[in-house]
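S.K.:
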Amino acid sequence: MNRIFLLNILSFLIITSISASLSAQDDNAGSITAGAESAKENAYDQSETDGGASPVEKQAGSYPEYSEFTLGSIVVKGRAVANIEDSGTTTEITSLDIETRSDKLLSDTLMMVPGIQVSRHRKGNNQFYLRGYSMDKVALLVDGIPITDAYGRNMDIDNIGVMNVSRIVVNRGVSSSLYGTRGVVGSINIITKKPQEMYTELSAEYGQYSNYVINAAHGASLDSFYYWITATYDKSNGYEISQRLDKDKRKMWVWKLSRYDHYGFNFQELYESNRALRAYIDDSGKWDYTEHEKYKISGKIGYEFNSHIESGISSAYNYTKKKNSSYSSSMTSSYSEETEVWSDPVASDVLGNMSCHWPEYYNFSIAPYIQYEKNDLYIKTNIYFNEQSNRLEAFEDPFEQIRSWSQTNETATWSIWTSQSYGINIYPSYKINSWNRLNTALLFNIDNHKKEEKAQIGATDVIQYYGSGKYETQFIESYALTLAIEEQINLLKQFEITAGISYDAQNLTEFKKKEDVDGSEDMIDQYKARDDSTIWGTRDSFNPVLGILYEPIIDFLKIRAAGSIKTCFPSLSAYAKTGSPDEDSPSKGGRDVKIKAERSINGSSGLEFILLDQSIKLRTDYFFSKYDDKIERIWDSNIEDHVYVNIDSAVIHGLEITVNSSFEDILNIADIHLSLSYIYTHSRNQAKNHNTEIKKGERFENTPEHQILLDFRSEFITDTSLAIFGYISINQIKYTMRDVPDTDAEFSTDYFYEQKLHNPVMINVKISQKILERFTIYVLCKNIFDDFNADPLNPGPGRMWYICGKAKI
Numbered sequence: 001m002n003r004i005f006l007l008n009i010l011s012f013l014i015i016t017s018i019s020a021s022l023s024a025q026d027d028n029a030g031s032i033t034a035g036a037e038s039a040k041e042n043a044y045d046q047s048e049t050d051g052g053a054s055p056v057e058k059q060a061g062s063y064p065e066y067s068e069f070t071l072g073s074i075v076v077k078g079r080a081v082a083n084i085e086d087s088g089t090t091t092e093i094t095s096l097d098i099e100t101r102s103d104k105l106l107s108d109t110l111m112m113v114p115g116i117q118v119s120r121h122r123k124g125n126n127q128f129y130l131r132g133y134s135m136d137k138v139a140l141l142v143d144g145i146p147i148t149d150a151y152g153r154n155m156d157i158d159n160i161g162v163m164n165v166s167r168i169v170v171n172r173g174v175s176s177s178l179y180g181t182r183g184v185v186g187s188i189n190i191i192t193k194k195p196q197e198m199y200t201e202l203s204a205e206y207g208q209y210s211n212y213v214i215n216a217a218h219g220a221s222l223d224s225f226y227y228w229i230t231a232t233y234d235k236s237n238g239y240e241i242s243q244r245l246d247k248d249k250r251k252m253w254v255w256k257l258s259r260y261d262h263y264g265f266n267f268q269e270l271y272e273s274n275r276a277l278r279a280y281i282d283d284s285g286k287w288d289y290t291e292h293e294k295y296k297i298s299g300k301i302g303y304e305f306n307s308h309i310e311s312g313i314s315s316a317y318n319y320t321k322k323k324n325s326s327y328s329s330s331m332t333s334s335y336s337e338e339t340e341v342w343s344d345p346v347a348s349d350v351l352g353n354m355s356c357h358w359p360e361y362y363n364f365s366i367a368p369y370i371q372y373e374k375n376d377l378y379i380k381t382n383i384y385f386n387e388q389s390n391r392l393e394a395f396e397d398p399f400e401q402i403r404s405w406s407q408t409n410e411t412a413t414w415s416i417w418t419s420q421s422y423g424i425n426i427y428p429s430y431k432i433n434s435w436n437r438l439n440t441a442l443l444f445n446i447d448n449h450k451k452e453e454k455a456q457i458g459a460t461d462v463i464q465y466y467g468s469g470k471y472e473t474q475f476i477e478s479y480a481l482t483l484a485i486e487e488q489i490n491l492l493k494q495f496e497i498t499a500g501i502s503y504d505a506q507n508l509t510e511f512k513k514k515e516d517v518d519g520s521e522d523m524i525d526q527y528k529a530r531d532d533s534t535i536w537g538t539r540d541s542f543n544p545v546l547g548i549l550y551e552p553i554i555d556f557l558k559i560r561a562a563g564s565i566k567t568c569f570p571s572l573s574a575y576a577k578t579g580s581p582d583e584d585s586p587s588k589g590g591r592d593v594k595i596k597a598e599r600s601i602n603g604s605s606g607l608e609f610i611l612l613d614q615s616i617k618l619r620t621d622y623f624f625s626k627y628d629d630k631i632e633r634i635w636d637s638n639i640e641d642h643v644y645v646n647i648d649s650a651v652i653h654g655l656e657i658t659v660n661s662s663f664e665d666i667l668n669i670a671d672i673h674l675s676l677s678y679i680y681t682h683s684r685n686q687a688k689n690h691n692t693e694i695k696k697g698e699r700f701e702n703t704p705e706h707q708i709l710l711d712f713r714s715e716f717i718t719d720t721s722l723a724i725f726g727y728i729s730i731n732q733i734k735y736t737m738r739d740v741p742d743t744d745a746e747f748s749t750d751y752f753y754e755q756k757l758h759n760p761v762m763i764n765v766k767i768s769q770k771i772l773e774r775f776t777i778y779v780l781c782k783n784i785f786d787d788f789n790a791d792p793l794n795p796g797p798g799r800m801w802y803i804c805g806k807a808k809i
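Mapping of the sequence shown onto this note's numbering: residues 1 to 809, in sequence order.
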């Protein structure tokens, strides 16, 4: 379909909806409210919702079937008179948002959140960046339980399904003190559903190239007892990339992202010598190694003993197996601070390939809970256990001859990583009076990570000592403690203040590993980082938070401001690189890197105008984030391994502008909602290190300078609905060589060039039809313009068509 024609259609729909909305404003005294702040308001608005029912949900009678799992909300929304989330920049995604867009995985949902970019890691995992910061700086929780890997604080977010979620609260920048150090630059809390009555839902979606998802959910509330169980099967046989990224375009981008001409190479020489380059250029039809298979099951049961006490247990299991083949260019000169010498890349660096096989990748969690409420006291408590494990293998394609690791090396092994977290969360809350509530938190958890290896075929030395089974090579463990208090005050119903502080501490308790492949059965105690704490543990800190919400003109103008100072302790992966205490054996890592905790200063301020009887809301927010002692990974040539070091700082600030409008019964034909957001992000790396792994220039790679989000929805009286949604990212960069430095030249970032990446326009269109209130069919076209990702070396799916049937019983 012609792209210009589709753009014209899109523009016409938006303009028509706005015009119709404005023309109908006088007739809409009971119009849909945008930016709901209570359960009575509309769930459409993504800037400030509380999970209320929309007119469409009320007409269909679907909303009473479930509410939300209240224990999942760390901050006591709906019970407090003020909230730090109302003062900061927060987006709430409701179950209606998820259903309207047919989101299936967390990555689908986060793509529509301002300031977030979802990208694929070289090993095939989808991860996200929030305003330029990696996901290890963001608290990622399901019903208040942390679910990220305890070792590096990340995971494949596609392991998290969202089809059975009540709402997702995404807080950017300033987050509650009750999160402790989990939310350094933000938080994402996924809150699941809780049944109100008997409820069963079945859905099946089929897409091109044998992509299909089957989901079932069932729950019931029987007097004082409730239960809920969900199951999802997700199978993909891959996809084709955009037809717009043809062979000539791929050649062009290889040149742009490597600048091999600086080193005297021509394309034909590289094409003949580099197998990864040939595979990238010549791949046609279905893109290789994009298959996956996912199984997800979750459930919860609960019992209300009386009007004051409820208890229960929730659990989830996600299992994935997949392959991945990703490309990247590393044809850049690097500078060594130790030798003060520039390297000279070789032809093999023009394009690299990492081909990975994940035959097993799973997450398992279980969390008993109890909550108590009487008069003005409310306490919720859960105990949890979370395990994440994955097995990573390389594979070889006999045609493309792609291989990541040697399968015949005498010491070659596969890796198996298993991380565990278990702990307790206690959240007492007391309403002091009608305008003052005190929330507190006690969080304690133990994180550990175990590395195991398994011999590859031909690894004779390993098999001789350990056999063909797996064996343990490293174990590291730490404790973490948070004590937090947060007071919420409402003055005259127009001025709200939230002030809090947390004491956070981390204690590294155990670190062991095998030194060599020598047949030893015992792991050796390793050097642990020196204590640098005020009260307890290896590292500790105090972290204040403040938020203000002022409404000088009720139902017309709101003024927000929020600020926080947060600490991010080194991860277990960072501590694992501190080395051994043997200072005379640098080959064994003998050193004390004295790694410090990172410190972030976050702030935001903004205005919100409420117009036309709350039918239109215009909100603008300025945000600021500064990171001191930022922890980064660099290569240490003395030990031939990566280590972690602190660098000076990084600064990010910018602007978010969001317009939401919602109207009912436009021309007695349809309800219409439009949300449009613009995000400007100014990121600057202020590191002074003479290390090209840390700094090639001032800007962050892969962080768009401009981002536009669109969400248009129309519900017709025929029970037909139209949804058009997506995003545009503008001005992302990667660093390439501007000039080739002399080997003994001084360090300078002037040798690097900010190569602008592709500006993708990713728009999706969905048309659905309800039949007899309980059945829905829809057609969904993802990426209707057949565009590709900002990084053309990892282009992602082109245009994809899906059909679905859904039934509620």
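Built from N, CA and C at the ideal position, the CB exists for glycine as well.
Predicted, not measured: the structure shown is a model, and the values here were computed from it.
Can the beta-carbon of R131 be found closer than 8 angstroms to that of R182?
M.R.: Locating residue 131 in the sequence shown gives position 131, counting from the first residue. Locating residue 182 in the sequence shown gives position 182, counting from the first residue. Not closer than 8 angstroms, so no.
S.K.: So the candidates are L667, V254 and D555; which of them puts its Cα closest to the Cα of Q755?
M.R.: On the sequence shown, residue 755 is found 755 positions in, with the first residue counted as 1. Answer by Cα proximity: V254.
S.K.: By DSSP's criteria, H357 is part of a beta bridge. Which residues make up the other side?
M.R.: The count along the sequence shown starts at 1 and reaches residue 357 at position 357. DSSP lists K323 and E393 as partners of H357.
S.K.: Tell me where the alpha helix (DSSP H) around I98 begins and ends.
M.R.: Within the sequence shown, residue 98 is the residue found at index 98, counting from 1. Unbroken alpha helix (DSSP H) run through I98: S95 to R101.
S.K.: Of the choices N490, R391 and A480, whose alpha-carbon is the least far from that of A505?
M.R.: The sequence position of residue 505 within the sequence shown is 505, counting from 1. Per the Cα distances, A480.
S.K.: If I measure Cβ to Cβ from A561 and keep anything under 6 angstroms in the same chain, skipping five residues before and after, which residues do I get?
M.R.: Position 561 of the sequence shown holds residue 561. If we look at A561 and ignore the five residues flanking it on each side, its Cβ neighbours are I548 and S605.
S.K.: Taking a contact to mean a Cβ-Cβ separation below 8 angstroms, would you say E608 touches R619 in this structure?
M.R.: Here residue 608 corresponds to residue number 608 of the sequence shown, with the count starting at 1. Here residue 619 corresponds to residue number 619 of the sequence shown, with the count starting at 1. Contact flag set, yes.
S.K.: Would I554 be called buried (16 or more neighbouring beta carbons within 10 Å of its own) or exposed?
M.R.: The sequence position of residue 554 within the sequence shown is 554, counting from 1. Looking at its Cβ environment, which holds fewer than 16 other Cβ atoms inside 10 Å, I554 is exposed.
S.K.: Report yes or no: do three or more beta-carbon pairs, one from the stretch 484-500 and one from the stretch 455-468, lie closer than 8 angstroms?
M.R.: The stretch 484-500 is not in contact with the stretch 455-468.
S.K.: From I601, V645, L674 and Y727, pick the residue whose C-alpha is nearest to that of K617; which is it?
M.R.: By one-based count along the sequence shown, residue 617 stands at place 617. Checked all of I601, V645, L674 and Y727; the closest Cα to K617 is L674.
S.K.: Taking C-beta to C-beta, are E393 and H357 nearer than 8 angstroms?
M.R.: By 1-based counting over the sequence shown, the position of residue 393 is 393. By 1-based counting over the sequence shown, the position of residue 357 is 357. Yes, these two residues count as a Cβ contact at 8 angstroms.
S.K.: On a CA-only basis, which of S502, Y466, S478 and E551 is nearest K493? Give me that one, please.
M.R.: Residue mapping note: residue 493 aligns to position 493 of the sequence shown, counting from 1. The shortest Cα separation from K493 among S502, Y466, S478 and E551 belongs to E551.
S.K.: What do you get for D621, buried or exposed, if any count of 16 or more other CB atoms within 10 angstroms of its CB means buried?
M.R.: Here residue 621 is taken as the residue at index 621 of the sequence shown, counted from 1. When all chains shown are included, D621 counts as buried.
S.K.: Nearest-angstrom Cα distance between A276 and G352?
M.R.: For the purposes of this step, residue 276 is taken as the residue at position 276 of the sequence shown. For the purposes of this step, residue 352 is taken as the residue at position 352 of the sequence shown. Spanning the two alpha carbons is a distance of roughly 6 angstroms.
S.K.: Are the CB atoms of S203 and C781 within a distance shorter than 8 angstroms?
M.R.: The residue labelled residue 781 in the question sits at position 781 within the sequence shown. The residue labelled residue 203 in the question sits at position 203 within the sequence shown. Contact flag unset, no.
S.K.: Give a yes or no on whether the C-beta atoms belonging to F716 and A687 are separated by under 8 angstroms.
M.R.: One-based indexing of the sequence shown puts residue 716 at position 716. One-based indexing of the sequence shown puts residue 687 at position 687. Going by C-beta atoms, F716 is not nearer than 8 angstroms to A687.
S.K.: Could you check if H308 is buried or exposed, using at least 16 other CB atoms within 10 Å of its CB as the buried criterion?
M.R.: Locating residue 308 in the sequence shown gives position 308, counting from the first residue. Flag for H308 reads exposed.
S.K.: Where does A347 fall in DSSP's three states?
M.R.: On the sequence shown, position 347 is the one that residue 347 refers to. Helix.
S.K.: How long is the line joining the alpha carbons of I432 and T440, rounded to whole angstroms?
M.R.: In the sequence shown, the residue the question calls residue 432 occupies position 432. In the sequence shown, the residue the question calls residue 440 occupies position 440. One C-alpha to the other measures close to 13 angstroms.
S.K.: Does DSSP put G810 in a helix, a strand or coil?
M.R.: In the structure displayed, the chain extends from 1 to 809; residue 810 sits before or after that span and is not available.
S.K.: Is it buried or exposed for E57, if we count other Cβ within 10 angstroms and need 16 for buried?
M.R.: As a first step, residue 57 must be located in the sequence shown, where it is residue number 57. Unreliable placement is indicated for E57, whose pLDDT of 39 sits below 50; no coordinate value is reported for it.
S.K.: Take I98 as the anchor and find which of G115, V118 and V169 has the nearest alpha-carbon.
M.R.: For this step, residue 98 is matched to residue 98 along the sequence shown. Among G115, V118 and V169, the Cα nearest to that of I98 is on V169.
S.K.: Which runs of the beta strand (DSSP E), 3 residues or longer, sit entirely within the stretch 269-325?
M.R.: Taking only runs of at least 3 residues, the beta strand (DSSP E) segments lying wholly in the stretch 269-325 are 292-304.
S.K.: Could you give the DSSP three-state label for S541: helix, strand or coil?
M.R.: The residue you call residue 541 lines up with position 541 of the sequence shown. Strand at S541.
S.K.: DSSP three-state call for D815: helix, strand or coil?
M.R.: Coverage of the chain is limited to positions 1 through 809, which leaves residue 815 absent and any answer about it impossible.
S.K.: Would you call the stretch 336-343 and the stretch 356-372 touching, i.e. three or more CB-CB distances under 8 angstroms?
M.R.: With a cut-off of 8 angstroms, the stretch 356-372 and the stretch 336-343 do not count as touching, because too few Cβ pairs lie within range.
S.K.: Should R713 be flagged as near chain D, meaning a C-beta pair shorter than 8 angstroms?
M.R.: Absent from the structure: chain D. Only one protein chain is present.
S.K.: Assign F128 to buried or exposed, taking buried as 16 or more other Cβ atoms, counted over all protein chains shown, within 10 Å of its Cβ.
M.R.: Taking the sequence shown and counting its residues from 1, one reaches residue 128 at position 128. By the 10 Å Cβ count, F128 comes out buried.
S.K.: Mark S224 as exposed unless 16 or more other C-beta atoms lie within 10 angstroms of its C-beta, in which case mark it buried.
M.R.: Position 224 of the sequence shown holds residue 224. Exposed.
S.K.: According to DSSP, is M198 helix, strand or coil?
M.R.: Numbered from 1 along the sequence shown, position 198 holds the residue referred to as residue 198. M198 falls in the coil class under three-state DSSP.
S.K.: Identify every residue that forms a DSSP beta bridge with E754.
M.R.: To locate residue 754, count along the sequence shown from 1; it is residue 754. DSSP lists Y735 as partners of E754.
S.K.: For the alpha helix (DSSP H) holding L110, just list the boundary residues, first then last.
M.R.: Against the sequence shown, residue 110 aligns to sequence position 110. That run of the alpha helix (DSSP H) goes L106 to L110.
S.K.: List the endpoints of the continuous beta strand (DSSP E) containing L618.
M.R.: Start at 1 with the first residue of the sequence shown, and residue 618 comes out as number 618. Per DSSP, L618 belongs to the beta strand (DSSP E) from I616 to D636.
S.K.: Could you check which residue in N189, Y226, K235 and A217 has the C-alpha nearest to that of N211?
M.R.: Position 211 of the sequence shown holds residue 211. With distances taken between Cα atoms, N211 lies closest to K235.
S.K.: Which residues bound the alpha helix (DSSP H) around Y575?
M.R.: Taking the sequence shown and counting its residues from 1, the one referred to as residue 575 is at position 575. Residues L572 to Y575.
S.K.: Grouping DSSP H, G and I as helix and E and B as strand, with all else coil, what is F267?
M.R.: Working through the sequence shown from its first residue, we reach residue 267 at position 267. Helix at F267.
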